[in-house]
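Residue numbers (UniProt numbering): 1 to 291. Cβ atoms here follow ideal geometry from the backbone N, Cα and C, with glycine treated the same way. First up is the structure itself, then whatever we jot down about it.
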């Protein structure tokens, strides 16, 4: 089982992130990669829904925040693409399977392979060792980080997009399905940065408004020397506190950096912000982690 030791729990509380190497076996990683390959092979995205993913604020609001394809993806399996992979008519300039940035946001609910991993005894044991009483799964994503042009993810806090009251109720679970290295875009963290609150929030605009989201506040300038690289091997799990500042660089290497990630919220005594872009729906509420 994947229970945290007292020293691991203390390190997570101090740093805001924790690496657990060898959480999944090579066979478990391969099963998810094979399944995502099948999902990609069956991909059929209409021209008007081909949304490029970005973490740059202006591009984010224009490309994702203003599109129903993104805003209504919380209970579906949808595809988001790298910048520069479409021509002006929306046709692919690269092979479709090499164009995808991520697939989200409800793999955990709609696909049996990813549901099995998300609700596995190992993940449940990990959550219990963190003291979670009523954890629910709020979203999931498969992230590709394609060779040579997998885009950077700028410094951010997950709670900027998944805001709760009180804070400190959202936890990211990031599983490396391939080695994550300095060359192909591993995660970088500012240790201890989860204790200073949230500097920026993405909020939904009223229905019918354009763009569909806006930002409150702004990301402060941060000294790059504060970031610590966190390369991990295939099968490693990285716990990510909802307020810890993290990023990843563009992939300039010949190797992809695939990962499966999902977010858990402690539901007991927690209010999920009605302003978050992601909202539970009649079709899919946030499912309990414990089964």
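Nonlocal neighbours in the same chain, by C-beta distance under 6 angstroms from residue i, ignoring five residues either side
{"i": "residue 2", "result": "122, 125 and 126"}
{"i": "residue 190", "result": "226, 227 and 245"}
{"i": "residue 183", "result": "253"}
{"i": "residue 218", "result": "200"}
Nearest neighbour of residue i, chosen from the options [CA to CA]
{"i": "residue 229", "options": "245, 215 and 235", "result": "245"}
{"i": "residue 363", "options": "105, 269 and 222", "result": "Coverage of the chain is limited to positions 1 through 291, which leaves residue 363 absent and any answer about it impossible."}
{"i": "residue 288", "options": "109, 95 and 11", "result": "109"}
{"i": "residue 264", "options": "131, 135 and 20", "result": "135"}
{"i": "residue 222", "options": "235, 188 and 240", "result": "188"}
{"i": "residue 115", "options": "206, 87, 266 and 28", "result": "28"}
{"i": "residue 268", "options": "133, 282 and 150", "result": "133"}
{"i": "residue 276", "options": "49, 37, 19 and 72", "result": "72"}
{"i": "residue 195", "options": "174, 157, 217 and 272", "result": "157"}
{"i": "residue 89", "options": "98, 49 and 68", "result": "49"}
Start and end residues, alpha helix (DSSP H) containing residue i
{"i": "residue 69", "result": "68-71"}
{"i": "residue 201", "result": "No alpha helix (DSSP H) holds residue 201; the beta strand (DSSP E) holding it covers 200-204."}
{"i": "residue 39", "result": "26-41"}
{"i": "residue 107", "result": "107-110"}
{"i": "residue 129", "result": "121-129"}
Under 9 angstroms between C-beta atoms of residue i and residue j
{"i": "residue 144", "j": "residue 102", "result": "yes"}
{"i": "residue 251", "j": "residue 185", "result": "yes"}
{"i": "residue 92", "j": "residue 80", "result": "no"}
{"i": "residue 176", "j": "residue 85", "result": "no"}
{"i": "residue 147", "j": "residue 247", "result": "no"}
{"i": "residue 207", "j": "residue 257", "result": "no"}
{"i": "residue 43", "j": "residue 96", "result": "yes"}
{"i": "residue 82", "j": "residue 37", "result": "no"}
8 angstroms CB neighbourhood of residue i in its chain, flanking five on each side removed
{"i": "residue 209", "result": "none"}
{"i": "residue 113", "result": "31, 32 and 35"}
{"i": "residue 111", "result": "35, 39 and 77"}
{"i": "residue 10", "result": "none"}
{"i": "residue 278", "result": "74, 105, 138, 139, 161 and 162"}
{"i": "residue 270", "result": "164, 165, 166 and 169"}
{"i": "residue 284", "result": "74, 75, 106 and 109"}
{"i": "residue 254", "result": "147 and 148"}
For residue i, the first and last residue of its enclosing beta strand (DSSP E)
{"i": "residue 7", "result": "Looking at the DSSP string, residue 7 is not in any beta strand (DSSP E); the run it does join, the alpha helix (DSSP H), is 6-15."}
{"i": "residue 78", "result": "77-81"}
{"i": "residue 248", "result": "246-248"}
{"i": "residue 153", "result": "153-156"}
{"i": "residue 94", "result": "No beta strand (DSSP E) contains residue 94, which DSSP labels as neither H nor E."}
{"i": "residue 241", "result": "237-241"}
{"i": "residue 253", "result": "Taken as a continuous stretch (DSSP letters only), residue 253 belongs to no beta strand (DSSP E), as it is neither H nor E."}
{"i": "residue 214", "result": "213-217"}
{"i": "residue 188", "result": "187-189"}
{"i": "residue 133", "result": "First-last for residue 133: undefined, no H or E at that position."}
Contacting residues, own chain, Cβ-Cβ under 7 angstroms from residue i (five flanking each side not counted)
{"i": "residue 128", "result": "none"}
{"i": "residue 66", "result": "With a pLDDT of 44 at residue 66, under the threshold of 50, the predicted position of this residue should be treated as unreliable, and no value is reported."}
{"i": "residue 159", "result": "167, 170, 198, 242 and 243"}
{"i": "residue 21", "result": "232, 233 and 236"}
{"i": "residue 26", "result": "234 and 235"}
Cβ-Cβ separation, residue j to residue i (assumed contact under 8 angstroms), whole Å
{"i": "residue 290", "j": "residue 117", "result": "In fact, because the Cβ distance is near 15 angstroms, the residues do not count as touching under 8 angstroms."}
{"i": "residue 137", "j": "residue 262", "result": "6 angstroms"}
{"i": "residue 340", "j": "residue 166", "result": "Not covered by the structure: residue 340. The range shown for the chain is 1 to 291."}
{"i": "residue 215", "j": "residue 204", "result": "About 12 angstroms; that fails the 8 angstroms criterion."}
{"i": "residue 14", "j": "residue 192", "result": "7 angstroms"}
{"i": "residue 249", "j": "residue 152", "result": "5 angstroms"}
{"i": "residue 100", "j": "residue 174", "result": "That pair is no contact at about 18 angstroms."}
Cβ of residue i within 9 angstroms of any chain D Cβ
{"i": "residue 279", "result": "Protein chain content of the structure displayed is limited to a single chain, and chain D is not contained in it."}
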